[in-house]
Structures are given as structure tokens and as C-alpha cells.
Amino acid sequence: DTEVTQTPKHLVMGMTNKKSLKCEQHMGHRAMYWYKQKAKKPPELMFVYSYEKLSINESVPSRFSPECPNSSLLNLHLHALQPEDSALYLCASSWGGGGLTSYEQYFGPGTRLTVT
Amino acid sequence: EDQVTQSPEALRLQEGESSSLNCSYTVSGLRGLFWYRQDPGKGPEFLFTLYSAGEEKEKERLKATLTKKESFLHITAPKPEDSATYLCAVQGNAGGTSYGKLTFGQGTILTVHP
């Protein structure tokens, strides 16, 4: 099974709201990722967690706060977002087991976020 | 800096009309090249990983090939359900770990008409 699940599917929030996106995988993958994708553009990396530790932050504004409670779960906490943050937010996971082999990433279906 | 260029931007085919999508890349030490398919409003679906020049992989009507500078995704006798955006991505040597940043191309939008 190569399934990554994400909730919610859709989210509408005001600029003063606080909300969270959730991601789960049960493939035993050790690396998990958050991406942002705007219409007609490729996914843009935001964060990478490896073995539950944040290893890459692509200079993402602090209004996005990632969290990895355990090896299967990844959250993205949202606060004081701007309308330009509206996008499809994708979670992905891969083996990332510490060796040098490059492993494919498996993506979830995404959360469509609209900031009003 | 790693770079990926995909061509054409859009491709319209008749059902059964075979063609190829191109992915040209520059990377400091290729560790993996990945092909994904993405349907509108959904997450990318993994298709293939290629690691070294000369490698080929097949899945149903799709065949991916790799040279030192580019990769091709060949589509044989496509069907309307093959319509999607096809994304190519590379991972280079930066970081020296098995996880990390993928550099994506802009994608090729494939439309197959019945």
C-alpha cells in the first residue's frame, strides 16, 4: 500500500483564524514533506522531516508551523494567513532511510486551502 | 543550481497516436530522476524512478528512458484516460542524504482525444 492520507480535503479560513492540516502514512517511511502548489505550477517544497526531526525549511514564513508528532503523522499549523497563501497543500513521504539511495516520494491527495 | 525543463508545455494527441515527452536537466550529480502523473486538483502519482543513463522502465503504455542530459516519457497508443499533467523531477547530490529537495519541471499537459 502506497497511500498517504490528508485531512481536510478542503479548508476555507479567514486571515485571523488558526487551523491545522493533517497527514498520515503507514508505509514505514522515515521522511515526510510539505509542499505548496499553485495553479498550473509544480509543487514547491516547504519542509522536510527526517526521523521526526525538521531537516529542511525552505525559508517558509512563520505563519506556517510544521509538527511531526510521530513517524506516521505530520501536521501543518496555520495562523494569520494571507490570501496569497491560498493553494493546494500536498504532503508526501519517502523511505529516506539514511543511506545515499534516492527514493521516490509518494504524495497525498492534498488539501485545497482558501484564505478569505 | 539544479534545473529541469520539460517540453512541450502542452501536447494534444488523438487516441492511438504515440508520442514522447521530454525532460532536460542539469544537476550536480544525478541521484534520481522521477516521473509523476497529476490529475487536476489531485496529488502527483508516482510513475518511475531512473538512476543512471541507459536505464529504461515500462508500465502499461508508458516507457521512461534516461540519458546523461535528458529523459523521455514515451506514450504508446494513448487512451483518453492518459490525459493528465506529467511532471519530471530530479534529485542531485546536495545534502548527501537519501531524502531532500526535488527540483520539478513545469510539466507537460497531455490531452488525448477519442
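Line order of the protein sequences matches chains A and B.
Going left to right, the first sequence walks through residues 16 to 131 as our numbering numbers them.
Going left to right, the second sequence walks through residues -9 to 104 as our numbering numbers them.
Where a beta carbon is used, it is the ideal one built from N, C-alpha and C, also for glycine.
Inset, instruction - Go through its chain and collect everything with a Cβ distance to residue 129 of chain A's Cβ below 6 Å, but skip five positions before and after it. - result: Residue 129 of chain A sits at position 114 when you count from the first residue of the first sequence. Counting only Cβ-Cβ distances below 6 Å, and skipping sequence neighbours, we find 27 and 101.
Inset, instruction - Can you say whether residue 69 of chain A is buried or exposed, counting buried as having 16 or more other CB atoms within 10 angstroms of its CB? - result: Position 54 of the first sequence, counted from the start, is the residue given in the question as residue 69 of chain A. It counts as exposed.
Legend entry - Neighbourhood of residue 116 of chain A by C-beta, 6 Å cutoff - its chain only, sequence neighbours within 5 removed: If you number the first sequence from 1, residue 116 of chain A lands on position 101. Excluding residues within five positions, none has a Cβ falling inside 6 Å.
Inset, instruction - Report the rounded CA-to-CA distance for residue 118 of chain A versus residue 109 of chain A, giving the unit in angstroms. - result: By 1-based counting over the first sequence, the position of residue 118 of chain A is 103. By 1-based counting over the first sequence, the position of residue 109 of chain A is 94. Taking the straight line joining both Cα atoms gives about 6 Å.
Legend entry - residue 96 of chain B at chain A interface by Cβ criterion, 8 Å: The residue labelled residue 96 of chain B in the question sits at position 106 within the second sequence. True, the Cβ-Cβ gap to chain A drops below 8 Å.
Inset, instruction - Note down, in chain order, every chain A residue with its Cβ under 7 Å from the Cβ of residue 62 of chain B. - result: Numbered from 1 along the second sequence, position 72 holds the residue referred to as residue 62 of chain B. None at all; the shortest Cβ gap to chain A is about 18 Å.
Inset, instruction - Give the DSSP bridge partners of residue 26 of chain B, in chain order. - result: Against the second sequence, residue 26 of chain B aligns to sequence position 36. B:36 and B:77.
Inset, instruction - Give a yes or no on whether 8 Å exceeds the smallest Cβ distance from residue 124 of chain A to chain B. - result: Along the first sequence, read from residue 1 onward, the residue named residue 124 of chain A stands at position 109. Yes, contact with chain B.
Inset, instruction - Spatial neighbours of residue 63 of chain A within its chain, please: CB distance less than 6 Å, with the 5 preceding and 5 following residues excluded, ordered by chain position. - result: As a first step, residue 63 of chain A is located in the first sequence; it is residue number 48 there, counting from the start. Once the five neighbours on either side are set aside, the close Cβ partners of residue 63 of chain A are 48, 70 and 71.
Legend entry - Interface flag, residue 119 of chain A vs chain B, CB-CB below 8 Å: Looking up residue 119 of chain A in the first sequence gives position 104. For residue 119 of chain A, the answer is yes, since a Cβ of chain B falls inside 8 Å of its Cβ.
Legend entry - Exposed unless 16 or more other CB atoms sit within 10 angstroms - verdict on residue 41 of chain B: Along the second sequence, one-based indexing puts residue 41 of chain B at 51. Exposed, since its Cβ has fewer than 16 Cβ neighbours within 10 Å.
Inset, instruction - Kindly list, in the order they appear in chain B, the residues whose Cβ is closer than 9 Å to that of residue 105 of chain A. - result: Translated into the one-based positions of the first sequence, residue 105 of chain A becomes position 90. Going along chain B in sequence order, the residues near residue 105 of chain A (Cβ under 9 Å) are 33 and 34.
Inset, instruction - Report the option in B:71, B:59 and B:75 whose CA atom is closest to the CA atom of residue 1 of chain B. - result: For the purposes of this step, residue 1 of chain B is taken as the residue at position 11 of the second sequence. Cα-wise, what sits closest to residue 1 of chain B is B:75.
Legend entry - C-beta contact flag for residue 93 of chain B and residue -1 of chain B at 8 Å: Residue numbering aside, residue 93 of chain B sits at position 103 when the second sequence is read from its first letter. Residue numbering aside, residue -1 of chain B sits at position 9 when the second sequence is read from its first letter. No, these two residues do not count as a Cβ contact at 8 Å.
Legend entry - Outcome for residue 131 of chain A when other beta-carbon atoms lying within 10 angstroms are tallied against a minimum of 16: Taking the first sequence and counting its residues from 1, the one referred to as residue 131 of chain A is at position 116. Exposed.
Legend entry - Inter-residue Cα distance where the pair is residue 29 of chain A and residue 57 of chain A: Taking the first sequence and counting its residues from 1, one reaches residue 29 of chain A at position 14. Taking the first sequence and counting its residues from 1, one reaches residue 57 of chain A at position 42. The alpha-carbon atoms of residue 29 of chain A and residue 57 of chain A are separated by roughly 26 Å.
Legend entry - Contacting positions in the region 8 to 41 of chain B - beta carbon closer than 8 Å to chain A: 21, 22, 24, 26, 31, 32, 33, 34, 35, 36, 39 and 41
Inset, instruction - Taking 8 Å as the threshold, find out whether the region 86 to 94 of chain A comes into contact with the region 2 to 10 of chain B through three or more Cβ pairs. - result: no
Inset, instruction - Count the other C-beta atoms from every protein chain shown that fall within 10 angstroms of the C-beta of residue 10 of chain B, then say buried if there are 16 or more, exposed otherwise. - result: On the second sequence, position 20 is the one that residue 10 of chain B refers to. By the neighbour-count rule (16 or more Cβ atoms within 10 Å), residue 10 of chain B is not buried but exposed.
Legend entry - 8 Å Cβ cutoff, residue 57 of chain A in contact with chain B: Against the first sequence, residue 57 of chain A aligns to sequence position 42. Cβ-Cβ to chain B under 8 Å: yes for residue 57 of chain A.
Legend entry - Per-residue DSSP class, three states only, for residue 70 of chain B: Stepping through the second sequence from its first residue, residue 70 of chain B is reached at position 80. DSSP places residue 70 of chain B in helix when its eight states are reduced to three.
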